[in-house]
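Residue numbers for the sequence shown follow our numbering, beginning at 5 and rising by one.
These notes are about the structure you will find just below.
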Amino acid sequence: MDFIDALRQYSSRVEKMRAQIQTEEATKTSLIMPFFQQVFGYDVFNPDEFVPEFTADVGIKKGEKVDYAIFMDGEPVILIEAKWCGAPLEKHDSQLFRYFGTSKAKFGILTNGVTYKFYTDLEEQNKMDMKPFLELNLLDIKETLVPELKRFCKSNFNVDEIFSSASELKYSNEIRSYFDSQLREPSDDFARFILAHTYDGVKTQAVLEKFKPIIKSTLNNYIGELMNDKITAALKSERQPPVDPGATEPQPSEVDEEIRNKIVTTQEELESLGIIKGLLCDLIDPTRISYRDTERYFSVICDNRTTKWLCRLYLEGKKKMLILPAAAEPPYEKESRYSLESVNDLYIFRDNLRASAKRFVEPKE
Numbered sequence: 005m006d007f008i009d010a011l012r013q014y015s016s017r018v019e020k021m022r023a024q025i026q027t028e029e030a031t032k033t034s035l036i037m038p039f040f041q042q043v044f045g046y047d048v049f050n051p052d053e054f055v056p057e058f059t060a061d062v063g064i065k066k067g068e069k070v071d072y073a074i075f076m077d078g079e080p081v082i083l084i085e086a087k088w089c090g091a092p093l094e095k096h097d098s099q100l101f102r103y104f105g106t107s108k109a110k111f112g113i114l115t116n117g118v119t120y121k122f123y124t125d126l127e128e129q130n131k132m133d134m135k136p137f138l139e140l141n142l143l144d145i146k147e148t149l150v151p152e153l154k155r156f157c158k159s160n161f162n163v164d165e166i167f168s169s170a171s172e173l174k175y176s177n178e179i180r181s182y183f184d185s186q187l188r189e190p191s192d193d194f195a196r197f198i199l200a201h202t203y204d205g206v207k208t209q210a211v212l213e214k215f216k217p218i219i220k221s222t223l224n225n226y227i228g229e230l231m232n233d234k235i236t237a238a239l240k241s242e243r244q245p246p247v248d249p250g251a252t253e254p255q256p257s258e259v260d261e262e263i264r265n266k267i268v269t270t271q272e273e274l275e276s277l278g279i280i281k282g283l284l285c286d287l288i289d290p291t292r293i294s295y296r297d298t299e300r301y302f303s304v305i306c307d308n309r310t311t312k313w314l315c316r317l318y319l320e321g322k323k324k325m326l327i328l329p330a331a332a333e334p335p336y337e338k339e340s341r342y343s344l345e346s347v348n349d350l351y352i353f354r355d356n357l358r359a360s361a362k363r364f365v366e367p368k369e
């Protein structure tokens, strides 16, 4: 089984089990230890390799223990601090921070069995950085991080290689986080930077406040257009396969049978998905949005669940239609239906689509 397949399979396990797990010990045995064994390939029952309750004396405090330590060649290389799967991790990094400087381990992992935060000492040797260089959420796996996660597998583990890539990862994450925050709510500094290249007048506070919503909507719409272009280009490439001179032309009956048994996702449907992701990207992470294609309609869904559908699109034939679920907008009694001339009309229904998506936005504490 490929690493990404093992990761996805384990993600399903976590999603099914986490609601039933009520203690830290249950989290360790049901989620964390199996993760390191099934995904990263460590023998969690070998005390020479995976050591529970590893002693990490801190200053005058003796007998301090970190939950697990992974050993290689007789030396600890990774320290693991575990918490209950329902506990936020923000308040617990100081504990791992204390342990880190007392051992030869080069990496620390703080986890609640759902989220895994990976730390090292990029800023000051033998002193754990306050921010992780890599973060995995098993319920929202970012495929761009898969090659970096794979480095932590027992069969691939190399301290120098991981450390050399950690610096780029850390600052890449910082840049992404900053840009994400500006897409959601542009700061004065960011607005001033944009206006320095686009607006000749004096950048007063009133001017900044006027342009912030314009900057926000423009950038989000631009990203949506870029996504559309990439989808269109990829689709054109897929539809023009190289010609094999030695290939035998399939018989018409074979072609008909293949078409009947296969649902074809059209370019127009994929374009609609890109538009919707662009319209909602400041409200909901685009990676949470995907689709299910059926013979009757094209459904845009959240968190890969058909029950969490944002909208349904009927794009076959001349009569095109957008359908929003009940409770997405007033009067909340039944599904709302809107006629479309083309998928570009989805921009007209931006507010309606955002009302539908807000049902799946976690409230801020």
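Using N, Cα and C, we set each Cβ at its ideal position, and we do this for glycine too.
Bear in mind that the values here come from a model prediction, so they are computed numbers and not experimental data.
Beta-carbon to beta-carbon, K220 and L187 are separated by about 7 angstroms, close enough to satisfy the 8 angstroms threshold.
Residue pairing by DSSP places I267 in no beta bridge whatsoever.
When the Cα atoms are used, S191 and M76 turn out to be separated by approximately 46 angstroms. Contact between L328 and E339 holds: CB atoms are separated by about 7 angstroms, below the 8 angstroms threshold. Where N356 is concerned, the enclosing alpha helix (DSSP H) starts and stops at R354 to A361. For G282, DSSP assigns no beta-bridge partner whatsoever. R296 sits in a strand when the DSSP states are folded into three classes. Separation of the CB atoms of K121 and F7 is rounded to 20 angstroms, and the pair is thereby denied contact status at 8 angstroms. Spanning the alpha carbons of Y123 and T310 requires a straight line of approximately 36 angstroms. In this structure, the straight-line span from the alpha carbon of E299 to that of E273 is close to 13 angstroms. For I279, the closest of E152, Y226 and D297 by C-alpha to C-alpha distance is Y226. The beta carbon of A73 is closer than 6 angstroms to those of V55, F58, P80 and L83 in its chain, skipping five residues each way along the sequence. DSSP, reduced to helix, strand and coil, places G112 within a strand of the structure shown. Listed as beta-bridge partners of Y301 by DSSP are no residues whatsoever.
Judged by DSSP secondary structure, D193 falls outside any beta strand (DSSP E) and instead within the alpha helix (DSSP H) spanning D192 to A200.
DSSP, reduced to helix, strand and coil, places V81 within a strand of the structure shown. Taken atom to atom, the span from the alpha-carbon of D71 to that of F104 is near 12 angstroms. In the assembly as shown, S343 is an exposed residue. Its beta-carbon has fewer than 16 other beta-carbons within 10 Å. Cα atoms of S346 and Q41: separation of roughly 50 angstroms, rounded to the nearest angstrom. Per DSSP, the continuous beta strand (DSSP E) segment holding I327 begins and ends at K324 to L328.
Spatial neighbours of T119 in its own chain (CB-CB distance under 8 angstroms, excluding positions within 5 residues in sequence) are listed in chain order as L93, E139, L140, N141 and L142. In the DSSP annotation of this structure, D71 is not part of any alpha helix (DSSP H); the continuous beta strand (DSSP E) holding it starts and ends at K69 to M76. In terms of Cβ geometry, V43 and A86 do not form a close pair [threshold 8 angstroms]. For the set T291, R296 and Q129, the Cα lying nearest the Cα of T148 is the one of T291. When secondary structure is reduced to three states using DSSP, A86 falls in the strand class.
Here L212 has D192, A195 and R196 as same chain residues with Cβ atoms under 7 angstroms from its own Cβ, once five neighbours each way along the sequence are excluded.
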